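Asks: Residue numbers (the numbering used here): 48 to 192.
Every residue, glycine too, gets a C-beta built ideally from N, C-alpha and C.
From a predicted model like this one, the values you see are computed outputs, not experimental measurements.
Before I ask anything, let me first share the structure, which is written out below as structure tokens.
Structural data, given as structure tokens:
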């Protein structure tokens, strides 16, 4: 009986949340100019940390399982995403200075391409998910032995 009530409340909550959407705030504004500088420095720091993790896991001979390969793929895709996002922030400032109706140029093309950074980051998150799942399954196999 309690299980049925819990399921009913969960389903009702999901439908209410889906039926009453608000702002998602997916794009976060930063206070000018300091906020953007800090944000750009965070991209560089994150890129450096991912590069170190990639190089460390690649050069350590004990880390050759499938989970580590997925983690290295996550690092490479996240590094690519950081480069795209960093470039996108710079291009967004240049794009804002363009006259409306101006002919297509490299700034416009880069602006459009860097707005689609999720095509790089979503696969990176899937690689991270597969990596963690593989580590979990391998730990379960080791525990069973």
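Here's a check: name, in chain order, each residue in its chain whose Cβ is nearer than 6 Å to the Cβ of residue 92, leaving out the five neighbours to either side.
Replies: Cβ within range, chain order: n/a, list empty.
Asks: Rounding to the nearest angstrom, what Cα-Cα distance links residue 111 and residue 80 in this structure?
Replies: Distance between the alpha carbons of residue 111 and residue 80 is about 44 Å.
Asks: Tell me whether residue 121 is buried or exposed, calling it buried when 16 or more other Cβ atoms sit within 10 Å of its Cβ.
Replies: Result: buried.
Asks: At a cut of 8 Å, does the stretch 130 to 143 reach the stretch 153 to 165 through at least three beta carbon pairs?
Replies: Flag = yes, the stretch 130 to 143 and the stretch 153 to 165 touch.
Asks: Taking the alpha carbon of residue 180 as the point to measure from, which residue in 53, 106 and 113 has its own alpha carbon closest?
Replies: Among 53, 106 and 113, the Cα nearest to that of residue 180 belongs to 113.
Asks: Take the Cβ of residue 94 as the centre, count every other Cβ of all protein chains shown within 10 Å, and call the residue buried at 16 or more, exposed below.
Replies: Classification of residue 94: buried, given that the 10 Å Cβ count is 16 or more.
Asks: Nearest-angstrom Cα distance between residue 191 and residue 184?
Replies: If I take the Cα positions, the gap works out to 11 Å.
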